[in-house]
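Student: With full-length UniProt numbering applied, the sequence shown corresponds to residues 1 to 241, in that order.
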Amino acid sequence: MSFGDPNNPYGQQPQGGQQPGQQPGYGYPQQPGQQPGYGYPQQPGQPGAYPQAPGTVQANNGYISLHGLGTVQVASMGRRLGARLIDGVAITVVYYILAAIGLAGVVGAGTTIDDCTSETYGTAAYQSCVDDQAAALGGVFAAFFGVIFLLFIATMLYEWLMIAFVGATLGKMALGLKVVKENTGGKPGLGGGFIRWIIPMVGSLVCGIGALLVYLSPFFDSTGKTQGWHDRAAGTVVIKK
């Protein structure tokens with residue numbers, strides 16, 4: 001005698017093993033529009049890759065991704081030191097030329113003071129001659145140090161403004177290097193150029209050792225960007241054009 005469903009006089013189970021009240025498609029049904037498969041979704045337009053942030057090092061192999069520039073090569077320390085050497089030689093030559101001119105004027109003024117003798121000019125004339133020559137000597141010294149100061153200003157403006165508006169000094173141009181902002185890929189601007197210049201200059205006040213350490217500091221950078229302390233402060237990176 002069957003005690004099954006009174007509406008099913010043959011006592012048969014529903015086809016497909018479905019129990020009464022059971023929802024159809026028992027198991028792990030697919031949602032409408034759901035795609036089969038597993039894994040992480042791809043970014044639109046970039047199959048198999050994700051977008052990289054500005055300043056991303058390419059596997060620490062000497063390349064870096066910069067906004068607006070794409071993947072560029074980081075400048076090697078050999079080229080950077082070579083560019084610094086070219087700039088240093090050019091500036092030093094100008095210093096020596098001006099120093100030689102000033103020194104020649106000082107020596108010439110000192111020699112003319114020795115020509116002022118009491119036997120030649122007499123007491124009153126001798127004193128007047130000495131005063132005149134001393135004033136001339138003081139003027140030469142003032143002019144000498146004035147030229148040095150102007151040369152310092154010119155050097156500052158050369159390094160500062162060339163980096164700010166061009167992205168390179170003559171030495172960097174000669175070796176195919178360029179200084180750019182790490183977050184934009186553009187020129188450093190007045191602020192960035194000044195920071196890159198002032199930090200080595202402050203270091204040079206300690207017998208020049210501080211400036212030398214700043215210029216060698218890219219050797220201590222373990223990020224693969226070869227950034228010096230002045231680069232980090234200014235937010236810049238030196239690349240090969």
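Note that beta-carbon positions come from the ideal geometry of N, C-alpha and C, so glycine has one too.
Under a Cβ-count criterion, where at least 16 other Cβ atoms within 10 Å of its own Cβ denotes burial, should Val72 be classed as buried or exposed?
Tutor: In the assembly as shown, Val72 is a buried residue. Its beta-carbon has 16 or more other beta-carbons within 10 Å.
Student: Ignoring anything shorter than 3 residues, give me the beta strand (DSSP E) runs that lie fully in the stretch 121-170, in order along the chain.
Tutor: none
Student: Between Leu69 and Met162, what straight-line distance do the alpha-carbon atoms span, to the nearest angstrom?
Tutor: 20 Å
Student: Taking DSSP as the reference, what is the three-state secondary structure of Gly185?
Tutor: coil
Student: Under a Cβ-count criterion, where at least 16 other Cβ atoms within 10 Å of its own Cβ denotes burial, should Ala234 be classed as buried or exposed?
Tutor: The residue is buried, with at least 16 neighbouring Cβ atoms inside 10 Å.
Student: What are the boundary residues of the beta strand (DSSP E) that Gly70 is part of?
Tutor: 70-74
Student: Would the stretch 221-239 count as touching the stretch 171-182 if we require 3 or more Cβ pairs under 8 Å?
Tutor: yes
Student: Assuming Tyr215 and Gly228 make a contact with CB atoms under 8 Å, what is their CB distance in whole Å?
Tutor: 7 Å
Student: On the premise that Asp221 lies in contact with Arg196, defined as a C-beta separation below 8 Å, what is that separation, rounded to the nearest angstrom?
Tutor: That belief does not hold up - the Cβ atoms of Arg196 and Asp221 are roughly 15 Å apart, past 8 Å.
Student: Any idea if Asp132 is buried or exposed, counting beta-carbon neighbours within 10 angstroms, 16 or more meaning buried?
Tutor: Counting Cβ neighbours within 10 Å, Asp132 comes out exposed, since fewer than 16 surround it.
Student: With distances taken between CB atoms, is the gap from His67 to Gly191 smaller than 8 Å?
Tutor: no
Student: May I have the straight-line CA-CA distance separating Arg80 from Ser128, to the nearest angstrom?
Tutor: 57 Å
Student: Could you tell me the alpha carbon to alpha carbon distance between Pro188 and Ala135, rounded to whole angstroms?
Tutor: 47 Å
Student: Tell me whether Ser204 sits in a helix, a strand or coil according to DSSP, three-state version.
Tutor: Three-state result, Ser204: helix.
Student: Determine the DSSP secondary structure at Leu213, reduced to helix, strand or coil.
Tutor: When secondary structure is reduced to three states using DSSP, Leu213 falls in the helix class.
Student: Just checking my contact of Pro218 with Met77 at CB under 8 Å: how many whole Å lie between their CB atoms?
Tutor: 6 Å
Student: Could you give the first and the last residue of the continuous alpha helix (DSSP H) run that contains His67?
Tutor: Segment: none, His67 is in no alpha helix (DSSP H) and carries neither H nor E.
Student: Got a sec, what are the start and stop residues for the beta strand (DSSP E) Thr236 sits in?
Tutor: 236-240
Student: Tell me the rounded alpha-carbon separation between Leu85 and Glu182.
Tutor: 24 Å
Student: Which of the three DSSP states is assigned to Lys178 in this structure?
Tutor: Residue state, collapsed to three classes: strand.
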